[in-house]
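Chains as they are written, first to last, in the working numbering: chain A, 42 to 459; chain B, 69 to 780. Ideal Cβ placement from N, Cα and C applies to all residues, glycine included.
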Amino acid sequence: MGDEDQNILVVGGGISGITAAIEAAETGANVVIVERNPYLGGRVAQLNQYFPKLCPPTCGLEINFRRIKNNPKISFLTQAEVLSISGQPGAYSVTLQLNPRYVNDNCTACGKCAEVCETTVPSQVNYGMDSVKAAYLPHQMAYPFKYVLAPEIIGTDEATKCAEACPYNAIDLSMKPETLTLEFGAVVWATGWDPYEAEKIDYLGFGQFPNVMTNVMFERLAAFNGPTSGKMLRPSDGKEVKSVAFVQCAGSRDENHLAYCSGVCCLASLKQSTYIRERVPDSKAFIYYIDVRAMGKYEDFYTRVQQDENISFIKSKIARISEDKESGGLLVEGEDVIGGSRVSQVVDLVVLAVGMTPGTAKVKPDLEMNYDDFGFVTGSGASGIIPAGCVKAPMEVAASLQDATAAALKAIQVAVRR
Amino acid sequence: MDQNIGVYLCSGCGIGDAIDLDALSSVAEESNVSKTMTHDCLCSAEGAQIIKDDVASGSINCMVIGACSGRVKSDVFAFDPMQTILERVNLREHVTWCQPAGNEDTQAMADDYLRMGIIRVQKSTLPEPYLEALDKTVLVVGGGVAGMQAALDAAKAGYSVKLVEKEAELGGHMAKWHKNTPTRPPYQDIEDIDLSSTIEQISNSQNIEVFKNAEIEKISGAPGMFDVTLKNGAGAYRVGSIVLAAGWKPYDATKLEGLGFQKFPDVITNVQVEEMAKAGSLACPSDGSAPSVVAFVQCAGSRDPEHLPYCSAVCCRVSLKQAMYFKEQNEETKVIVFYKDMRTPEQAEEFYKKVQKDGVIFVKTDTSKIAISEGSEKKLTIEALDELLGEPIQMETDLVVLATGMQPAVLDDPILNLEYRQGPALPELKYGFPDSHFVCFPYETRRTGIYTAGCVRQPMTATRSSNDGTGAALKAIQCVELSSQGKAVHPRAGDLSYPSLFIQRCTQCKRCTEECPFGMYNEDVKGTPLPYPTRCRRCAICMGSCPERIISFSNYSVDMIGSMIKSISVPEDYEEKPRIIGLICENDAFPAVDMVGLGKLQYPPWVRFIPLRCLGSINLVWIADALSKGVDGIVLFGCKFGDDYQCHFIKGSELADTRMSKIKETLDRLVLESDRIRLEQLSIDDYYRIPQILEEFTARLEELGPNPYKGF
């Protein structure tokens, strides 16, 4: 290699995008990452643990952030979006919009702005389960390690107060959205996934009952830096959760919602059942499934979880969730298809194992990419735009990173040809 | 290099309020430094410029920056590692934010951290990278879909490739298949397989040399300088890195006696179905008749502790495909699939639905309990418990297909035949697969520069195998690029240091050659280590293992950490002011301690943390140094070990634990309580546990009383 002009744009600073960028840069390419959030890490930064090792995602993120810090060939832009891409493989012109952080590089993360800030906004990282100060660090391990001002307070006295409290002139209230056009030889499209909108599955009660939450929210409930500091508390009344129903395929393998299987939700629920069992020793977990899909060596994890007799597996598609007035809990109903008996279980908390929808399902970027009916990218017409990770199919982290590594080489090939 | 050390102290972020920086400056001046200065915001453009100017003018080439954690503002404090030495002393997260302001104990802590930082620099030299490993050819072993794609993609990126295939033709298993499972929308139809264009691209590529009917006799050397010898005198070649894509073999169905394999000729495997279909006719082996009833038995030997405990991930999809073969041959054929769970992830769910629509019947049962016997009307009788109906069922069939799983091709043949002291094979993870143990780093192996792809790594579909070949090719290319520049690969990518051995003092104890997780050392006949620097990941586990302390790095050595420990000021009188050394993993525990500061949590002020590349780099002499100096306790924070180990160097923390258990025996003999040493397995997100661990440890030390060696 050694071609100084290999420039690759990676769209999406989640774990797939970060990996594609680092792998390409450590091979010798120049890479720019564009991320919508004010921090890198995407969805995995919001996870408590990974299956099957039950290890913290921040561990791998920390190593990857160090690789970025140590490598002058990688740069990144946060709060940035792609507006348009033109050109052809080897020569793309990309216009980006940079949204204001209202905090500049002077920020030392000393926290003085947050000390004076009284306004709060819903926490994005915690899926709105709690609030944060409107001058906030996205989360403890956030990279870049810089505060953000919520746009809600811009133009108010509160913002001025925050700016005045900053000892380092790091708050710049005059920041405006900017556009920027850059040239790249290849583009990796790694905009990730969104959890399926659980409120669309009306019979499962999400949005109607506070104690019904999604699997991604349950990750935050279990996290020590989450809204309850890792305590298993029922949202409705703060009572300790003693029983959890995991409803698998919530909207998945269902023609009315997502016809496909998201591949990871079974393993996610197996993992989450260990959270409640570990934190609340006398708790019970009930997993309602169609098929338990623990592929490959993940089977070992399934085997391990099955050994806990307080975790029950019931083959059932849950038909209804309602509030149990007496206990303040929830009544989960369906049919146990093994044996044909009725499921009627009262639990403290219901976790809906919702599937993944590709970032490209809602907004199909104006690019030469092909999509299937679900919005997943099936290939790119122009070989210079390379999809990676969950925009192609639902994948677990390890598979996404394998795919992102492959995408890095495809991008390098295009950039080399220039 | 003549060191000119500049000490730059920052008073911002509360540091100046918590610590007397004038007093701290005088600590710096006790050392032989060229300059000491304080700034109220060192990371500001103005502050950083002062340092840059000092470096540019040549007056300073070693910077000790006493400010925030080295994990932040690294873009501001960035200097050329080939020309300068940089040390970040963490006065903010590790002192100011976790200790009371203006307190003498807080001051003592800052003083010690600064002394240690200066010593770290004084004991460092500029790296002299190893620049001997220059070959950039990629060797791909295995010419199936994964290996072919790896070869093509490396070649397309401009690299020379040697592709070694043991059979007469490229294509591997897939070339023997009739059709593929759906890969394209609407994901409902089985697809034709055409490998010819891939094979043609390979043969037309100027960059790829293909060796058919070829196997590896041996591979010696290291990344950037592997020497590969083919069997039967087919040649010897130098390559830079290796992709192992040797594929899989079907589980031996003869072990599945209970399912009637070999006992009944019409019990066959999914591999045989593929061969028959490819040959053009699906027939019962017993009499050559076309079956009118076919039963598939899923998980034949899979998800079964007696056979393969894991799931082979593809067999459900393969059986759906093969069910369609029978339906295509004659749509009247009755096909029944006995399954434990149908595993058709992602868009394959669409295919599953299509096959159900086409009339294939599915019966949920524990397939390991299926009984197969001779039939009356049809050839075979199957008995199973239909779990959904809760009833036993009995049915007659002409043909039974066992959906057997995959085993890695390296199960009983190392294939690469590495001339490594630690053995000829890639270390396996589980069930013989040389897979990565790391969720975040799927291409990690324990042999640097050798990456696995496709089903040798883990069971996967053909589409994914091909893509996996591309990813492994990237890693192989990356390795040769970094190795040729003398840089380490993951996880310390770019590290220019590497171990040097003062071999005259070696006693051939072989600890380094045994303990290196990556097999960096070979041995000569006497047992003297022969280092291969490009195999090294720079964890320094060998440095920790060496009782003669002859292994060191330009910027990391036994002497360096030992001197840092010795520089700590230990009050001669106990005065309820114990001293605790914390030797901690720099990847996980160090950031966790930062988080304690960020959370403004407090812990006892007696602790001095020293980050290590890996806990496995702990040399026992440091413990001896600390205890003989009068340090009261030593706490070690390392990554979790055991089956779900989190150590990025595989077993560093576990090795540290083993070493500590040995030193504890020695301590007991010296009547020095072994409780003075404590190892904690700590994840990066376990920061909230740190204050409690340290408080408990301090309380225990108080019970033990002062280190009796204090003041000696």
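Minimum C-alpha distance to residue i - residue among the options
i: R573 (chain B); options: B:A530, B:I618 and B:E455; result: B:I618
i: E76 (chain A); options: A:V162, A:E122, A:G69 and A:A61; result: A:E122
i: G58 (chain A); options: A:Y91, A:C100, A:V333 and A:I109; result: A:I109
i: E399 (chain B); options: B:D221, B:M611, B:R647 and B:V423; result: B:V423
i: M105 (chain B); options: B:I609, B:I73, B:T581 and B:H162; result: B:I73
i: R606 (chain B); options: B:E616, B:C580, B:P615 and B:T596; result: B:C580
i: V403 (chain B); options: B:D434, B:A358 and B:E643; result: B:A358
i: T297 (chain B); options: B:G308, B:V307 and B:I284; result: B:I284
i: L695 (chain B); options: B:S742, B:F677, B:E654 and B:D712; result: B:S742
Below-8 Å beta-carbon distance, residue i vs any chain B residue
i: P179 (chain A); result: no
i: I115 (chain A); result: no
i: L450 (chain A); result: yes
i: L139 (chain A); result: no
i: V166 (chain A); result: no
i: Q47 (chain A); result: no
i: R459 (chain A); result: Because the pLDDT of R459 (chain A) is 45, which lies under 50, any placement of that residue in the model is unreliable, and the question is left without a value.
i: D213 (chain A); result: no
i: D377 (chain A); result: no
i: P130 (chain A); result: no
i: N71 (chain A); result: no
Proximity test, Cβ basis, 8 Å: residue i and chain A
i: T465 (chain B); result: no
i: E418 (chain B); result: yes
i: Q752 (chain B); result: Per the sequence shown, the amino acid found at residue 752 (chain B) is Ile instead of Gln. True, the Cβ-Cβ gap to chain A drops below 8 Å.
i: C111 (chain B); result: yes
i: E549 (chain B); result: yes
i: I545 (chain B); result: yes
i: R768 (chain B); result: no
i: T538 (chain B); result: yes
i: I87 (chain B); result: no
i: R252 (chain B); result: yes
i: A381 (chain B); result: yes
i: Y319 (chain B); result: no
i: C715 (chain B); result: no
Cβ-based burial, residue i [other Cβ within 10 Å; buried from 16]
i: K331 (chain B); result: exposed
i: N105 (chain A); result: buried
i: F279 (chain B); result: buried
i: V593 (chain B); result: exposed
i: R84 (chain A); result: buried
i: Q151 (chain B); result: exposed
i: F570 (chain B); result: exposed
i: G710 (chain B); result: exposed
Same chain, Cβ closer than 7 Å to residue i, neighbours up to 5 away in sequence not counted
i: R139 (chain B); result: P659 and D662
i: D260 (chain B); result: K247
Residue i CB to nearest heavy atom of the ligand PLP below 7 Å
i: P79 (chain A); result: Looking at this structure, you won't find the ligand PLP or any other ligand, since it has none at all.
Residues of its chain near residue i, where Cβ-Cβ distance is below 8 Å and the 5 sequence neighbours each way are ignored
i: P12 (chain A); result: The question about residue 12 (chain A) has no answer, for chain A in this structure spans 42 to 459.
Neighbourhood of residue i by C-beta distance below 6 Å, restricted to the same chain and skipping five residues each side
i: P646 (chain B); result: W674, D700 and L769
i: L223 (chain A); result: V135
i: K234 (chain B); result: E283
i: K141 (chain B); result: C111
i: L154 (chain B); result: M131 and F147
* Asked: Which of the residues in the region 330-359 of chain A, read from start to end, lie with their CB under 9 Å from any CB of chain B?
  -> Cβ contacts with chain B: Y330, I331, D332, V333, R334, A335, M336, G337, K338, Y339, E340, D341, Y343, T344 and K356.
* Asked: Between the region 94-110 of chain A and chain B, which residues of the former have a C-beta closer than 9 Å to a C-beta of the latter?
  -> Against chain B - using a Cβ distance shorter than 9 Å - the residues of the region 94-110 of chain A are K94, L95, C96, P97, P98, T99, C100, G101, L102, E103, I104, N105, F106, R107, R108 and K110.
* **Members of the region 295-322 of chain A that neighbour chain B once the beta carbon cut-off is set at 7 Å** => Answer in chain order: A300, Y301, C302 and G304.
* Asked: Which residues, taken in chain order from the region 438-457 of chain B, show a beta carbon closer than 7 Å to some beta carbon of chain A?
  -> Taking 7 Å as the Cβ-Cβ cut-off against chain A, the residues of the region 438-457 of chain B that qualify are E455 and L456.
* To do: Taking a Cβ distance cut-off of 9 Å, strictly less, list which residues of the region 397-426 of chain B are near chain A, in chain order.
  => Closer than 9 Å at the C-beta level to chain A, one finds these residues of the region 397-426 of chain B: Y407, K408, D409, M410, R411, T412, P413, E414, Q415, A416, E417, E418, Y420 and K421.
* Asked: Of the residues that make up the region 201-222 of chain B, which ones have a beta carbon closer than 7 Å to any beta carbon in chain A?
  -> Hits within the stretch, in order: D221.
* Interface residues of the region 391-420 of chain A facing chain B [CB-CB below 8 Å] -> For the region 391-420 of chain A, the beta-carbon criterion of a distance under 8 Å to any beta-carbon of chain B is satisfied by D413, D414, F415, F417 and T419.
* Asked: Of the residues that make up the region 221-238 of chain A, which ones have a beta carbon closer than 9 Å to any beta carbon in chain B?
  -> Cβ contacts with chain B: none found.
* Against chain B: residues of the region 263-274 of chain A by CB proximity under 9 Å -> Cβ contacts with chain B come from A264, F265, N266, S270 and G271.
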